[in-house]
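The opening residue of the sequence shown carries number 74 in the numbering used here; numbering runs sequentially from there. Every residue gets a Cβ at the ideal spot worked out from N, C-alpha and C, and that includes glycine. Small disclaimer: the values here were computed from a predicted structure and weren't measured. Accompanying notes for the structure given below.
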Amino acid sequence: RHCTDVICCVIFIVVILGYIALGVVAWVHGDPRKVIYPTDSYGQFCGQKETLNENKTILFYFNILKCASPIVLINLQCPTTQLCVSKCPDRFATYIDVQASYRYRPDQWNYFKQFCKPGFNNPRKSVAQVLRDEDCPSMIIPSRPFLKRCFPDFSTKNGVLTVANQTTFKDGRGKTRNVTDLREAANGINNVLDARSIGVKIFEDYAISWYWILIGLFIAMMLSLLFLVLLRFTAGVLFWIFIFGVIGIIGYGIWHCYWEYDHLKGIPGSDLTVYDIGFQTDFKVYLQLRQTWLAFMIILCGVEVIIILMLIFLRNRIRIAIALLKEGSRAIGYIMSTLFYPIVTFILIAICISYWAVTAVFLATSGEPVYKVMANQTLCKYANLTCDPETFNTTNVTKLCPGAQCTFAFYGGESLYHKYIFIFQLANAFVFLWLVNFAIALGQCTLAGAFASYYWAYRKPADIPLWPLFSSFGRAIRYHTGSLAFGALILAIVQLIRVILEYLDHKLKGTQNSFTRFLLCCLKCCFWCLEKFLKFINRNAYIMIAIYGKNFCTSAREAFFLLMRNVVRVAVLDKVTDFLLFLGKILVAGGVGVLAFFFFTQRIPVFAKEVPMLNYYWVPLLTVIIGSYLVAHGFFSVYAMCVDTLFLCFCEDLERNDGSTAKPYFMSASLHRILGKKKLSPKKA
């Protein structure tokens, strides 16, 4: 053994160090509280202790129409002034009406000014100047706090959307607008509120049923282990039962088609052809034609003949596939620790996901409040330049540009770091994909090395090395980190391109350019196929790396040509394995799911008193079913890797050895018998 793909290994380590540095920089500049807690236009958190906003815990938007979607309000910043207030407005009012009546109704002004900028108390200032300087909002709307933000208090009356029982409101700029202008906000808020209510109930269900969910998952684990053990004895039986079942079903279909064809004989109109009646929206019309049933019968006969011929000509390869499945069950029985290795892969992927998510949040919240000069003179050279609100009044800008204000513009920054935040987010996503694929590659190479040590042991299990799984893991890390990183890099590049294509497709959905949509669809299809092909090549390359310790490109090439020389065996083994493992997943998930259904619906008298009171019994039920399927998938993925490894070893064994004393076969006795190979005597000199 020697280190392979050293350059890629060095690059991989450097990228990881850079990724850590990116996370540190993001953590220094970012502040996730901007996502959780509202921030006013001065960059201060609402409700922050020992500040002027300590008792003002809710954020108020001057013009909610500019940020109607609650998702935008929560995740981004609205292009309007934002203030921290102690409570949301409870009435309709406009600044124009309040200013006109403040002399004889000062209570209205006292109420309205609490939603103006702190310290503003000048109702004599002209409306145009107030709105220009954004001293006060042009209007206030009855609102209620949600996620510590003021949202319009929507309700539905007789199917009509209203706010405080009104369907229209004044926008404070001389226009009367319909409440439906806020429909997007209403829909978003109602959906989120409903989701929040359901979420609380679901959390309660999990809190009182988690113990039983764990028991269900433990049962799923035991059933998965039992299924893998029984495959050694039942793989052939299950497969042939399925095959003969399919043949029988198709045979019944042929008989039924013939019966329908003969039954329609002599019925008026049944001898018409499909061409005669043309296209009909009611497809039952076609079932009244003898020609339809004749076509069905011919198709089913063709399928039946093809299946029977395949069984005749591929019977030996099917027997080899079944023997490899049984051998895989035997190998796992000798190396039981491999069944629990997916936990290691899961932990590594969970770490990658957590680091990526945290870094992405910190990057997204790295923006600082940016203020720009808002001048009332178009000729002011300082217009739209950044400014500091704390020192703005001491500068010459107010003298050169009378009426200019230093107002909040957006959250971001104009430093080099802030300008490239989008690039950093792309880099974060790319390295995340690379690390996840590396974790999967490490698991595949480790398992392949363990199972290869089983196959190449001449006397099983006596010659199997001690702790094969840990030895294989050590070899993969010590010698082949570069090769695994190389394969993961290629796959990560393709996956990133697919993510970008999905993003572009989402953005261009509303376009009418059919050629662009067609081109994107073709590119998405091509890269999907490419990703599937690369996963297949990488998987087998890692097996060859585990066996021979060569670099990635050499291993991928040798694995590809080895598989191409045994392409029929590959196809048969792949389909037989997929069927049996899919059947196992369905049996495990379905069996545990039925048991959980009877338990949580109190249909098992013995445990009826133990069932917790739930809001939705389907919450733990679906969790158990999905969890059982994932548990079975984790165990069966080890089994699939075992079968793939044994198959490549089997092909190598056939090509490199001839069964003689000098070159004996390493395959099991069952495979030896299926091939009909006789033990060759040593050649005479």
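Under the three-state DSSP convention, the category residue i falls into
i	result
Arg-217	strand
Pro-179	helix
Ser-228	strand
Met-740	coil
Ile-147	Bear in mind that a pLDDT of 37 at Ile-147, under 50, signals an unreliable position, so the number given afterwards is only what the model happens to contain. DSSP places Ile-147 in helix when its eight states are reduced to three.
Met-294	helix
Met-714	helix
Lys-16	The shown model of the chain, from 74 to 758, leaves out residue 16, and the question about it has no answer.
Glu-207	coil
Thr-253	helix
Leu-687	coil
Ala-456	coil
Ala-521	helix
Lys-756	Because Lys-756 sits at a pLDDT of 38, beneath the cut-off of 50, its placement in the model cannot be relied upon, and the point is left open.
Pro-541	helix
Gln-239	strand
Cys-722	helix
Lys-648	helix
Phe-133	strand
Phe-118	strand
Ile-474	Correcting the residue type first, residue 474 is Cys in the shown sequence and not Ile. Correct three-state label for Cys-474: coil.
Cβ-heavy atom distance, residue i to the ligand GTP, below 6 angstroms
i	result
Tyr-92	This structure simply doesn't include the ligand GTP, nor any ligand for that matter.
Whether residue i touches residue j by CB criterion (7 angstroms)
i	j	result
Ser-216	Cys-161	yes
Leu-458	Val-443	no
Ser-701	Ala-293	yes
Ile-213	Phe-188	yes
Leu-557	Phe-511	yes
Val-661	Leu-303	no
Ala-404	Tyr-527	yes
Ser-211	Tyr-168	yes
Leu-362	Val-645	no
Ile-131	Lys-248	no
Thr-124	Gly-555	no
Ile-619	Gly-522	In the sequence under discussion, the amino acid at residue 619 is Ala, which differs from the Ile named in the question. Yes, the Cβ-Cβ distance between Ala-619 and Gly-522 is below 7 angstroms.
Ser-415	Gly-657	Strictly speaking, residue 415 in this sequence is Pro, with Ser absent from that position. Not in contact: Pro-415 and Gly-657 (Cβ atoms no closer than 7 angstroms).
Cys-209	Val-203	yes
Cys-474	Tyr-455	yes
Leu-520	Ala-549	no
Leu-506	Ala-430	no
Leu-593	Asp-578	yes
Ala-394	Val-649	yes
Ile-422	Val-509	yes
Phe-524	Thr-307	no
Leu-542	Ser-402	no
Gly-560	Asn-611	yes
Ile-327	Leu-373	yes
Tyr-434	Pro-105	The sequence given here has Val at residue 434, not Tyr. A contact, by the Cβ cut-off of 7 angstroms.
Pro-196	Tyr-175	yes
Leu-436	Ala-94	no
Glu-400	Ser-741	yes
Lys-129	Ser-159	yes
Phe-305	Arg-642	The displayed chain sequence assigns Arg, not Phe, to residue 305. No.
For residue j and residue i, believed in contact at Cβ under 8 angstroms, the rounded distance
i	j	result
Gln-155	Ala-166	Actually they do not touch by this definition, with Cβ atoms about 19 angstroms apart.
Leu-412	Val-711	6 angstroms
Leu-653	Leu-398	6 angstroms
Leu-744	Phe-720	With 8 angstroms as the limit, Leu-744 and Phe-720 do not qualify as a contact, their Cβ atoms being about 11 angstroms apart.
Pro-225	Val-236	5 angstroms
Gly-96	Thr-438	That belief does not hold up - the Cβ atoms of Gly-96 and Thr-438 are roughly 14 angstroms apart, past 8 angstroms.
Lys-623	Met-617	7 angstroms
Val-692	Ile-80	With a Cβ gap of about 50 angstroms, Val-692 and Ile-80 do not count as contacting.
His-491	Cys-518	The Cβ separation is near 41 angstroms, so there is no contact.
Leu-687	Asp-278	5 angstroms
Asn-126	Phe-118	7 angstroms
Val-567	Val-88	About 17 angstroms separates the two Cβ atoms, so there is no contact after all.
Thr-418	Ile-513	7 angstroms
Between the region 298-312 and the region 670-685, can you find at least three pairs of beta-carbon atoms closer than 8 angstroms? no
Say whether the region 272-287 touches the region 689-706, bearing in mind that this needs 3 or more beta-carbon pairs closer than 8 angstroms, one atom from each stretch. yes
Flag this pair as touching only if the region 320-333 and the region 731-738 have three or more C-beta atom pairs under 8 angstroms; answer yes or no. No, the region 320-333 does not touch the region 731-738.
Can you check the region 594-632 for any alpha helix (DSSP H) of at least 4 residues that lies completely inside it and give the ranges in chain order? none
Please go through the region 349-425 and give each complete alpha helix (DSSP H) segment of 4 or more residues, from N-terminal end onward. 363-386 and 388-407
Can we say the region 325-337 touches the region 360-367, given the rule of at least three CB pairs closer than 8 angstroms? yes
Under 8 angstroms, with one C-beta from each stretch per pair, do the region 494-503 and the region 532-541 reach the 3-pair mark? no
Would you call the region 588-602 and the region 571-578 in contact, with 3 or more CB pairs under 8 angstroms? The region 588-602 vs the region 571-578: in contact.
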